[in-house]
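Asker:
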Amino acid sequence: GTIASVRAEYGRDVVSLGPFEENAHVENPVGAAGRVRAIEPGGSLELEAVFVGVALHADDEAWQFHKYLTRHRLVPYAKDVTFNSNGTDDNVISTGAKDDMDMATLARVAPIAERLGVETFILDDGWQAVSGDWEPDARRGFDADFANVRAAIAPMKLGLWMSPMHFHPTSVTYQAHPEWACAPVGHGLALYNAADQTSGSNEAGIGEWGPQYIPFVEGRIRTAIEQWGVTYFKFDFLAWLDCAGQADLYGYHDAFVRMLDRLRARHPAVTFQIDETNDYRLFPYESVTRGPSWFQNGSPSVDRLLHNLWSLSPYVPSWSLGQHTLGGDAWKTQPLSTVMAAALLSHITFFSDLRTIPPEVIDGAAPWLAFYRTNRDLFTSGVVQPLLADPLAKGWTALQAWDPEARRGALLAFRQEAEADSATVAMRNVVGDGTFELREAPTGTLVGTVSAAQLRAGLPITLPLNGARVLLVEPS
Numbered sequence: 001g002t003i004a005s006v007r008a009e010y011g012r013d014v015v016s017l018g019p020f021e022e023n024a025h026v027e028n029p030v031g032a033a034g035r036v037r038a039i040e041p042g043g044s045l046e047l048e049a050v051f052v053g054v055a056l057h058a059d060d061e062a063w064q065f066h067k068y069l070t071r072h073r074l075v076p077y078a079k080d081v082t083f084n085s086n087g088t089d090d091n092v093i094s095t096g097a098k099d100d101m102d103m104a105t106l107a108r109v110a111p112i113a114e115r116l117g118v119e120t121f122i123l124d125d126g127w128q129a130v131s132g133d134w135e136p137d138a139r140r141g142f143d144a145d146f147a148n149v150r151a152a153i154a155p156m157k158l159g160l161w162m163s164p165m166h167f168h169p170t171s172v173t174y175q176a177h178p179e180w181a182c183a184p185v186g187h188g189l190a191l192y193n194a195a196d197q198t199s200g201s202n203e204a205g206i207g208e209w210g211p212q213y214i215p216f217v218e219g220r221i222r223t224a225i226e227q228w229g230v231t232y233f234k235f236d237f238l239a240w241l242d243c244a245g246q247a248d249l250y251g252y253h254d255a256f257v258r259m260l261d262r263l264r265a266r267h268p269a270v271t272f273q274i275d276e277t278n279d280y281r282l283f284p285y286e287s288v289t290r291g292p293s294w295f296q297n298g299s300p301s302v303d304r305l306l307h308n309l310w311s312l313s314p315y316v317p318s319w320s321l322g323q324h325t326l327g328g329d330a331w332k333t334q335p336l337s338t339v340m341a342a343a344l345l346s347h348i349t350f351f352s353d354l355r356t357i358p359p360e361v362i363d364g365a366a367p368w369l370a371f372y373r374t375n376r377d378l379f380t381s382g383v384v385q386p387l388l389a390d391p392l393a394k395g396w397t398a399l400q401a402w403d404p405e406a407r408r409g410a411l412l413a414f415r416q417e418a419e420a421d422s423a424t425v426a427m428r429n430v431v432g433d434g435t436f437e438l439r440e441a442p443t444g445t446l447v448g449t450v451s452a453a454q455l456r457a458g459l460p461i462t463l464p465l466n467g468a469r470v471l472l473v474e475p476s
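Residue numbers for the sequence shown follow this note's numbering, beginning at 1 and rising by one.
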């Protein structure tokens, strides 16, 4: 008896300022739309996918959507444990956005990352000599094809940060092709950047390209994949602008997404991550269907990390959310087991300077990552459902990863600051009968056998203050 509709449009907006919208929203005051999307004769209009599902009940509805998203919309990618050099920065090589990772530092950090259990080693802002040209910086000791980097981090895989649509005013490519910049904004940003070339993000480059630059940067990305052995990219500082003579905001967006899809189709083994912290222009579904997110900067507390997973579940796959593992001093104030348990359902990312983490913490975290790698499928194949209360309440909270068709997954419970040392945690969408084995992280020790009815009714969990328990649940 009702009709549902989905609408995504900029309506009255005159310009889209992305993360600055809440501070400087610009809207047409006279009532008409601030901008319209003009479809030229013979042109195409690309619409987002909309899913209409049929389900048996609320929990099945979440599963049906997850199954549609992950099996029909989302291109599979490796759920690697990653390290990003973003935090390896003592302002020795640079005092702006670029980090301090050179070959000498890399030689000290890589063995720690390998001992920890990292699978992909990502060089953040600083590997490039100049943004816009996207060539390795020889001054940091990087070979022109990263051969020495690949050798130093083996067997880990190589990843790179890029702000693919931005340039530094000293870029040879910009000087040779100023017409590729987004006029007028891109040139204005380049002039501002030229006046202050080394502070903050200016060091990386804040000039904005237009869509005419895309064939060039796509070629550089393909070179990185095919000749440098790069298997992971973190794309940062995405913005959609109106570029005179090239495209409006909509056309800019479409051109970038088409490039991303071409690269994914040509190189399905390569992971493309979007940094959402500055952008949120593709989040959630445009970015989620294409790769993981760099979801939050800084060093969020355990309750905040869990809240992000808890509140976005079940519709945004938790394993797509890149969150800082062992960030800040959480391992000083919380049990290490709790810190690591909180990471298992996310896109596990380390971006602290690993040299600052005590060896005993590295060695204590390693078994958890080994457990994750061994049982990755149980954490990433099912739909994640929030259980109990929001983690920000700092009481008992829980999450489950569950495939109701395969009838297998994981249950994660956290006491936090709750007075009661026990809670009953009931799992959702456990269908049928039968018995299930419970194995505990990080050892994989069998700790019990329960029935499907017991899972539905609830498992009693007892924990110390700020404790956590992770149980794998599989049919006997």
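Every residue gets a Cβ at the ideal spot worked out from N, C-alpha and C, and that includes glycine.
Can you list, in chain order, the residues of its chain with a C-beta nearer than 7 Å to that of residue 88? Leave out the 5 residues immediately preceding and following it.
Answerer: So the list reads 99, 100, 101, 105, 109 and 353, once near-sequence residues are dropped.
Asker: Just grab the DSSP bridge partners of residue 350 for me.
Answerer: Residue 350 pairs with 83.
Asker: Given that a residue counts as buried once 16 or more other Cβ atoms are within 10 Å of its Cβ, and exposed if not, what is residue 192?
Answerer: When all chains shown are included, residue 192 counts as exposed.
Asker: Specify, as a first and last residue, the run of the alpha helix (DSSP H) that residue 331 falls within.
Answerer: Segment 330–333, the alpha helix (DSSP H) holding residue 331.
Asker: Could you tell me whether the stretch 254–261 touches the stretch 182–190, using the rule of 3 or more Cβ pairs below 8 Å?
Answerer: Judged by Cβ distances under 8 Å, the stretch 254–261 makes no contact with the stretch 182–190, as fewer than three pairs qualify.
Asker: From residue 448 to residue 273, what does the alpha carbon distance come to, in whole angstroms?
Answerer: Those two C-alpha atoms are separated by around 39 Å.
Asker: Just the Cα atoms here: how many angstroms apart are residue 263 and residue 163?
Answerer: Going from the Cα of residue 263 to the Cα of residue 163 covers about 16 Å.
Asker: Might you give, ordered along the chain, the residues of its own chain that have their beta carbon closer than 6 Å to the beta carbon of residue 421, omitting 5 neighbours on each side?
Answerer: The residues are 462.
Asker: Using a 10 Å radius around the Cβ and a threshold of 16 neighbouring Cβ atoms, would you call residue 169 buried or exposed?
Answerer: That one is buried.
Asker: DSSP has residue 323 in a bridge; who is on the other side?
Answerer: Paired residue(s): 348.
Asker: Which residues in the same chain as residue 94 place their Cβ atom closer than 8 Å to its Cβ, once the five residues preceding and following it in sequence are excluded?
Answerer: Once the five neighbours on either side are set aside, the close Cβ partners of residue 94 are 100, 126, 198 and 203.
Asker: Looking only at its own chain, which residues have a Cβ that is under 7 Å from the Cβ of residue 250, when we skip the five neighbours before and after it?
Answerer: Same-chain partners within the cutoff: 37.
Asker: Name the DSSP bridge partner or partners of residue 232?
Answerer: Residue 232 pairs with 159 and 271.
Asker: Considering only residues of the same chain and omitting the five flanking positions on each side of residue 370, which have a CB-CB separation below 8 Å?
Answerer: Excluding residues within five positions, the ones whose Cβ falls inside 8 Å are 117 and 442.
Asker: Classify residue 84 as buried or exposed, calling it buried when 16 or more other Cβ atoms lie within 10 Å of its own Cβ.
Answerer: Counting Cβ neighbours within 10 Å, residue 84 comes out buried, since at least 16 surround it.
Asker: Go ahead and pull the three-state DSSP assignment for residue 374.
Answerer: Helix, per DSSP.
Asker: Quick check on this structure: which residue in 62, 188, 254 and 158 has the alpha carbon closest to the alpha carbon of residue 39?
Answerer: With distances taken between Cα atoms, residue 39 lies closest to 254.
Asker: Say whether the stretch 463–475 touches the stretch 394–412, bearing in mind that this needs 3 or more beta-carbon pairs closer than 8 Å, one atom from each stretch.
Answerer: Flag = yes, the stretch 463–475 and the stretch 394–412 touch.
Asker: I'd like to know whether the C-beta atoms of residue 379 and residue 326 end up nearer to each other than 8 Å.
Answerer: For residue 379 and residue 326, no; Cβs fall outside 8 Å.
Asker: Under a three-way DSSP split, which group does residue 470 fall into?
Answerer: Residue state, collapsed to three classes: strand.
Asker: Tell me whether the stretch 316–332 and the stretch 279–299 touch, counting them as touching only if at least three CB pairs, one residue from each stretch, are closer than 8 Å.
Answerer: Enough Cβ pairs lie closer than 8 Å, so yes.
Asker: Is the stretch 389–399 touching the stretch 130–143 in the sense that three or more CB pairs, one from each, lie closer than 8 Å?
Answerer: Short answer: they don't touch.
Asker: Counting only the same chain and skipping the five closest in sequence on each side, list residues whose C-beta sits under 8 Å from that of residue 60.
Answerer: 404 and 429, listed in sequence order.
Asker: Along the chain, which unbroken stretches of the alpha helix (DSSP H) at least 4 residues long are found entirely within the stretch 177–261?
Answerer: If we require 4 residues or more, the alpha helix (DSSP H) runs fully inside the stretch 177–261 come out as 185–195 and 214–226.
Asker: Which residue wins for smallest C-alpha separation from residue 358, given the options 128, 221, 332 and 400?
Answerer: The option with the nearest alpha carbon to residue 358 is 332.
Asker: Residue ranges of each beta strand (DSSP E) run of no fewer than 3 residues wholly in the stretch 121–174, ordered along the chain?
Answerer: Here the runs fully enclosed are 157–162.
Asker: By a C-beta neighbour count over all protein chains shown, 10 Å radius and 16 as the cutoff for buried, is residue 133 buried or exposed?
Answerer: Buried, since its Cβ has 16 or more Cβ neighbours within 10 Å.
Asker: Distance, Cα to Cα, residue 62 vs residue 55?
Answerer: The alpha-carbon atoms of residue 62 and residue 55 are separated by roughly 8 Å.
Asker: Should residue 49 and residue 71 be called a contact, given that it needs their Cβ atoms to be closer than 8 Å?
Answerer: Contact: no.
Asker: Using alpha carbons as the reference points, say which of 342, 433, 434 and 350 lies closest to residue 397.
Answerer: Looking at the Cα atoms, 342 is the closest of the given residues.
Asker: Restricting to runs no shorter than 3 residues, where is the beta strand (DSSP E) found entirely within the stretch 389–471?
Answerer: 397–403, 408–414, 422–425, 435–440, 445–451 and 459–462, all fully within the stretch 389–471.
Asker: From this set, 154, 80 and 150, which residue's C-alpha is nearest residue 114's C-alpha?
Answerer: Per the Cα distances, 154.
Asker: With C-beta atoms as the reference, is residue 81 less than 8 Å away from residue 348?
Answerer: Against a cut-off of 8 Å, the Cβ pair of residue 348 and residue 81 comes out as a contact.
Asker: Helix, strand or coil: how does DSSP classify residue 44 here?
Answerer: Here residue 44 sits in coil by DSSP.
Asker: Can you tell me where the alpha helix (DSSP H) holding residue 64 begins and where it ends?
Answerer: Residue 64 -> alpha helix (DSSP H) spans 58–68.
Asker: Does the beta-carbon of residue 173 have 16 or more other beta-carbons within 10 angstroms, so that it is buried, or is it exposed?
Answerer: Answer is buried; the Cβ neighbour count reaches 16.
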